[in-house]
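Chemist: Dropping the structure in here first, questions after.
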Amino acid sequence: MGSRSASGDRSSGATYALLPPRDDIHRVRTTSAETSVSIHLLTNDTGCVWRHAYDAESGEARPFRSGYVNAPCDDG
295 MGSRSASGDR
305 SSGATYALLP
315 PRDDIHRVRT
325 TSAETSVSIH
335 LLTNDTGCVW
345 RHAYDAESGE
355 ARPFRSGYVN
365 APCDDG
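Note that this note's numbering numbers the sequence shown so that position 29 is 323, with each residue one more than the last.
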């Protein structure tokens, strides 16, 4: 798997847009030993969308829905 990193300002409080391609596998991690916060602004209802969690060690992907919703998911 290739590696991509955000360029530009990485100082405290800096932000950048991450727009992964469709069906992309990605992770977000800190670049220092300091505690960090990653805020994801998503543009869809991810609570009801089927996605996949990827286990890098085994290479396996498993489907999941986060379930973080304030209304039932429309399954049909």
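Even glycine gets a Cβ: it sits at the ideal position worked out from N, Cα and C. No experiment lies behind these values; they were computed from the predicted model shown.
Taking the straight line between their C-alpha atoms, what separation do you get for Pro366 and Ile333?
Modeler: One C-alpha to the other measures close to 24 Å.
Chemist: Could you have a look at Arg356 and say whether DSSP puts it in helix, strand or coil?
Modeler: DSSP places Arg356 in strand when its eight states are reduced to three.
Chemist: Phe358 and Ala347: beta carbons closer than 9 Å?
Modeler: In contact: Phe358 and Ala347 (Cβ atoms closer than 9 Å).
Chemist: Cutting at 8 Å between CB atoms, please list the residues of its own chain near Val343, excluding the five before and the five after it.
Modeler: Contacts found: Arg359.
Chemist: Could you tell me the distance, in whole angstroms, from the CA atom of Pro315 to the CA atom of Asp339?
Modeler: Rounded to the nearest angstrom, the two C-alpha atoms are 18 Å apart.
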